[in-house]
Amino acid sequence: MQKSENVLEMRNVSVVKEGTVILDSVDLDIRRGESVVIIGPNGSGKTTLIKLLRGDILPYYDEESPAVLRLFGEDRWNIFDIRRRMGIVSMDLQSRFDPGTTVSEVILSGFFSSMDVFRNHVVTDGMRRSVLHAAARMGLDDLIDRPIGRLSLGEMRRTLISRALTADPEVLVLDEPMTGLDISMRSRFRSMFDMMIERGAGIVMVTHELEDIPVSVDRVVMIKEGRILADGGKRDVLTSENLSELYGESIKAECDGGVYRMHLQ
113 MQKSENVLEM RNVSVVKEGT VILDSVDLDI RRGESVVIIG PNGSGKTTLI
163 KLLRGDILPY YDEESPAVLR LFGEDRWNIF DIRRRMGIVS MDLQSRFDPG
213 TTVSEVILSG FFSSMDVFRN HVVTDGMRRS VLHAAARMGL DDLIDRPIGR
263 LSLGEMRRTL ISRALTADPE VLVLDEPMTG LDISMRSRFR SMFDMMIERG
313 AGIVMVTHEL EDIPVSVDRV VMIKEGRILA DGGKRDVLTS ENLSELYGES
363 IKAECDGGVY RMHLQ
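Each residue of the sequence shown is one higher than the last, beginning at 113 in our numbering.
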């Protein structure tokens, strides 16, 4: 698969499930190395966008007005190649691991895009060193042999982020990565993502919480009822007017030190 300027290219993309339109004629590009947050209320189509980005689903086929979906510049791809080039952190992924799997095994599985390390997987000394390095980077040194069933929510998320980073992905995809975390832990995670972005990591984050958006994020995409409502620089998009339209309430947006919050008026 070739190098492309874009991680994702979508033109006229719709997704229909059981007769319901989930995404409606969406156009969206995400460039390599770009930090993007996709924000919207529950049921707006955010997770469906992520499934398209991961290559898990395909657009609705309309012969008269065909959709275009390209991942890393290709309109045909190998799903295992996509997963190798894309580090993914999601609640869905978290629930698929056996509670008895250790932290090191979860991180190591990232090299194989699998849910465990199996007998047919060839594990090298370099991979093991990378696992230890990734664990140290996330402050998991003392937990490396602990079963994930005994981890806190924050520890599990850090384990999944370590897993996502093992194979040095071209983009990190974060699907609601701070859901369920307390205020202190959310702040720590936001700072951690800021450091990644400042080091040049490409990040695509989905959230419905303004406070989760890292300070260093360049671009925000608002999605409502399967359509792109706004797309652009963070300051231009995260306005009281746009947020009020997005959530159907009278909302005031505030920014303090680069962290955005919203309040009902």
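Every residue gets a Cβ at the ideal spot worked out from N, C-alpha and C, and that includes glycine.
Boundaries around Ile150 are those of the beta strand (DSSP E), 147 to 151, since no alpha helix (DSSP H) includes it. Look at Ser299 here: in three-state DSSP terms it is helix. Between Ser226 and Leu252, the beta carbon gap of about 20 Å keeps them out of contact (Cβ cut-off 8 Å). Its Cα nearest to that of Asp348, the residue Cys367 stands out among Ser296, Arg208, Asp294, Cys367.
Nearest in C-alpha terms to Ala313, of all of Val329, Ser299, Glu321, is Val329. Shown here for Ile169: same chain residues with a beta carbon closer than 6 Å to its own, the five before and five after excluded, namely Lys163 in chain order.
Burial check for Phe224: the Cβ neighbour count within 10 Å reaches 16 or more, so the residue is buried.
The Cβ atoms of Val180 and Asn124 sit closer than 8 Å to each other.
The three-state reading of DSSP puts Tyr173 in coil, since its state is none of H, G, I, E or B. Listed in chain order, the non-local C-beta contacts of Ala246 below 6 Å within the same chain comprise Ile219, Ser274, Leu277, Thr278, local neighbours out to five positions each way being set aside.
Within the same chain, Ile150, Asp343 come within 6 Å of Val333 by CB-CB distance, once the 5 residues on both sides are set aside. For the segment 270 to 318, the continuous alpha helix (DSSP H) assignments of 4+ residues that do not extend past its boundaries occur at 295 to 310, in sequence order.
If only uninterrupted beta strand (DSSP E) runs of at least 3 residues are considered, those enclosed by the segment 190 to 253 are 198 to 202. The Cβ atoms of Arg269 and Val201 lie closer than 8 Å to each other. No Cβ-Cβ contact shorter than 8 Å links Arg331 with Glu176. By the C-beta criterion, the segment 196 to 216 is judged to be in contact with the segment 278 to 297, since at least 3 inter-stretch pairs fall below 8 Å. Judged by their CB atoms, Ser221 and Asp257 are not nearer to each other than the 8 Å cut-off. Note on geometry: alpha-carbon atoms of His233 and Met239 lie some 11 Å from one another. Looking at the DSSP output, Met374 shares a beta bridge with Ala365.
With respect to the C-alpha of Lys129, the residue from Met374, Glu321, Gly155 having the closest C-alpha is Gly155. In the three-state reduction of the DSSP assignment, Ile340 falls in the strand class.
Inter-residue distance for Gly167 and Lys158 is about 15 Å (C-alpha atoms, whole angstroms).
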